[in-house]
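In this text, residue positions in the sequence shown follow my numbering: the first is 473, and each later residue adds one.
Beneath this line is the structure, given in structure tokens, with notes to follow.
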Amino acid sequence: MNNSLYFNLNSGVSGDMLIGSLIDLGADIEILKKTLNKIDKGLSIKTKNVLRGLNRCKLVEPIIPKKLNKSFNWEELIKFAEDLKDEVLVYENLIQTINLIKKCESDVHSSDETKPHELGNFDTVFDIVCFYKCIEILNIKKLYHSGVPFSQGMIKISHGIVSSLAPVSLSIIKNLGIPIYTTMKNPNFEMCTPTGLSLLKNFNHNESISGTIKNIGYGAGNKDFDSYSNSISVSWIISNDVDNLKIIETNIDDMSAEYVPYVFEKILDSGANDVWSQNILMKKGRPAFKISILCYENLVGDIINILKKETSTFGVRIFDTDRQAFERKIESISTKYGDINVKLKLDSNEIIGVFPEYEDCKNLAKVHNIPLKVIFDEALKQFNNLPR
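Shown next as structure tokens:
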């Protein structure tokens, strides 16, 4: 059973609207708070229920301590990721997203010496961290969205009066290949913010989606209008259809096996679903190994490029394959050693398997200098003690 999210961005997109919709969908705000506290104990989040037209929505209200309520440069924004190294998904995407925004700002000004200006506020970090933590909490792998509105209003920024779809926003749309459409809504404010657009970087921009809707969440914009609902919706789509993926393979007999773990790491960082290696015997009796990668079609080019540059191979094989993933979700368990994410295998919402996340357990085992098995057992013990 496949779980995907589809965001209807008919009123534009911003970080707080995306986060509000995911919390309304079911992302646990208490887990969000724990992640934010790793950056600063005074940093938090709250929401309130509001109406936007007929839609009952979640409006996000960041709680940012005074010492973070200032402007930061690019390096300072990225440095906040250092507090989140144990949150792999959030850590990597915070760095990647800020670098994406920085690149698009540089493209606009044709210079590498740019400043974040309005994007230097801590709100940028807040939105990125909360969005990716919500995605992790909900354990969603595939993200889809509608086109974004190409509005014609005007706004004032540090550079003067510009279109409400600001130059850096246009640059992000261009870089990510985000589909757009014209709209009759042309208010003099940003319907699509640079941060909101940058959070679409891991979405499937042009692929279709089918299935049934399990749940719907609504996220509110800060402004309320009589003429339309300033909100976005997110639909949790369930499909029993199999995924169509690609398998990329290559045989290597003239490269040290010491390089393989590094290649695996780069491939997984690129977004591949899985990577593995097998010992094989090639022609003329030479021992070798075969590297295989499972991924979606949109990643094939990136992964081939990694293999081309990081290995000695002179070519790859590419196959179509079908995959049916079973229903699952992630829960965070508090133990005396620290918080551990536990992966639950489900069948019609019934738990049929419990698996503590290896990386969480490994990190805690190192911190406390105790056997890995002790951490695993403690996670299972605390999970079994929870009321169900």
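The beta carbon of each residue, even a glycine, is placed where N, CA and C say it ideally should be.
Apart from the five residues just before and just after D794, which ones in its own chain have a Cβ nearer than 8 Å to its Cβ?
-> Answer for D794: V714, D715, N716, L717, listed in chain order.
Any heavy atom of the ligand HEM closer than 7 Å to the Cβ of I719?
-> The ligand HEM is absent from the structure shown, which contains no ligand whatsoever.
Start and end residues, beta strand (DSSP E) containing S703 = Unbroken beta strand (DSSP E) run through S703: 703 to 711.
Give, in chain order, every unbroken run of the alpha helix (DSSP H) that is at least 4 residues long and sits entirely within the stretch 536 to 612.
-> Here the runs fully enclosed are 546 to 551, 560 to 581, 595 to 610.
List the DSSP bridge partners of Q750.
-> Listed as beta-bridge partners of Q750 by DSSP are K762.
Selected residue, minimal CA-CA separation from K686, among V788, K673, S711 = In this structure, S711 is the residue among V788, K673, S711 with its C-alpha nearest to the C-alpha of K686.
Opening and closing residue of the beta strand (DSSP E) in which I790 lies | Counting along the chain, the unbroken beta strand (DSSP E) around I790 starts and ends at 789 to 795.
Extent of the continuous alpha helix (DSSP H) run through L669 = It spans 666 to 670 - the alpha helix (DSSP H) in which L669 sits, taken as one unbroken run.
Can you check the stretch 486 to 518 for any alpha helix (DSSP H) of at least 4 residues that lies completely inside it and give the ranges in chain order?
-> Counting only runs of 4 or more, we get 487 to 497, 501 to 509.
Between which two residues does the alpha helix (DSSP H) harbouring N856 extend?
-> Counting along the chain, N856 sits inside the alpha helix (DSSP H) bounded by residues 844 to 857.
The stretch 505 to 519 contacting the stretch 724 to 737, beta-carbon criterion three pairs below 8 Å | Contact fails: fewer than three Cβ-Cβ distances are below 8 Å.
Taking the C-alpha atoms as reference points, what is the distance between I503 and T785?
-> So the two alpha carbons sit approximately 44 Å from each other.
Span of the alpha helix (DSSP H) holding E782?
-> Here the alpha helix (DSSP H) through E782 covers 772 to 782.
Give a yes or no on whether the C-beta atoms belonging to A797 and L766 are separated by under 8 Å.
-> Taking 8 Å as the Cβ cut-off, A797 and L766 do not qualify as a contacting pair.
Do you know whose CA, among K614, T654, E590, lies nearest S476's CA?
-> Ranking K614, T654, E590 by Cα distance to S476 puts K614 first.
Would you tell me roughly how many angstroms separate the C-alpha atoms of I600 and A760, rounded to the nearest one?
-> Cα-Cα distance, rounded: 43 Å.
State the start and end residues of the unbroken beta strand (DSSP E) segment that holds Y653.
-> Where Y653 is concerned, the enclosing beta strand (DSSP E) starts and stops at 652 to 654.
Using 10 angstroms around the beta-carbon of S643, count the other beta-carbons present and answer buried if the total reaches 16, otherwise exposed.
-> By the neighbour-count definition (other C-beta atoms within 10 Å, threshold 16), S643 is a buried residue.
Inspect the CB distances between the stretch 479 to 492 and the stretch 607 to 621 and report whether three or more fall short of 8 Å.
-> Because the criterion of three Cβ pairs below 8 Å is met, the stretch 479 to 492 and the stretch 607 to 621 touch.
Inter-residue Cα distance where the pair is D696 and L523 | Whole-angstrom Cα-Cα distance: 8 Å.
What are the partner residues of K529, as DSSP defines its beta bridges?
-> For the record, residue 529 in the displayed sequence is Cys; it is not Lys. According to DSSP, C529 bridges with V522.
Just the C-alpha distance for R800 and I763, rounded to the nearest angstrom, thanks.
-> Taking the CA atoms as reference points, R800 sits about 27 Å from I763.
Please report how far the alpha carbon of I650 lies from the alpha carbon of V580, in whole angstroms.
-> The alpha-carbon atoms of I650 and V580 are separated by roughly 17 Å.
For Y830, which option in I775, R758, V560 has the closest C-alpha, if you only look at C-alpha atoms?
-> Answer by Cα proximity: V560.
In the structure shown, what three-state DSSP assignment does L481 receive?
-> The DSSP-derived three-state label of L481 is coil.
Would you identify the three-state DSSP class for S465, choosing helix, strand or coil?
-> Because the chain here runs from 473 to 860, residue 465 falls outside it and cannot be looked at.
From L753, N694, I681, Y690, residue whose alpha carbon lies closest to that of T665 = With distances taken between CA atoms, T665 lies nearest to N694 out of L753, N694, I681, Y690.
Got a sec, what are the start and stop residues for the alpha helix (DSSP H) A837 sits in?
-> Element bounds for A837: 830 to 840.
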